[in-house]
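Here the UniProt record's numbering is used: the first residue of the sequence shown is 1, the next is one more, and so on.
All C-beta atoms in this analysis are idealised placements derived from N, C-alpha and C, irrespective of residue type, glycine included.
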Amino acid sequence: MFHIYCPYCEELREEEEFHPKGQAHIARPEEPDACNDEEWGDYLFFRDNPRGIHHEMWLHAVGCRKFFNITRNTVSYEILETYKMGEQPTITAEHLAREEKTAREEKTDSAQVAEGGQQTVGASDAAVASIKGAQA
């Protein structure tokens, strides 16, 4: 069971109190009367269904009855953040990709190599010293 944080009530509540309402941040056409049928149909019916980070609109139906947005990972179902309507998300797929790239670069920079060319990723200096001592 999910526990979802309502940004208006400012508390965690059980998932049963909420209803998902679809993709968030969909821009309504500025002049709907000027849209052709294909453009209007795309606006009404077609939504993104990404694997990974997704922004969704939810309703706190049993509580404050207000709409808000959730940033959720569709692979793990993890809720990364909730925020009020009209606000922009702080977590995006691009943001997480940058963080992962930075983490990979830091991990590569901290790799240690023991004698014989064996890589000891994340090994402590004592572990590397014991390997070198065992080889001597």
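- Y8: not part of any beta strand (DSSP E); DSSP gives it neither H nor E.
- DSSP places E38 inside the alpha helix (DSSP H), whose first and last residues are D37 to F45.
- Rounded to the nearest whole angstrom, the CA to CA distance from E30 to D42 is 14 Å.
- Look at T102 here: in three-state DSSP terms it is helix.
- In the three-state reduction of the DSSP assignment, K66 falls in the coil class, being assigned neither a helical nor a strand state.
- Q88 and C6 have their alpha carbons spaced roughly 16 Å apart.
- In the three-state reduction of the DSSP assignment, E15 falls in the helix class, which pools H, G and I.
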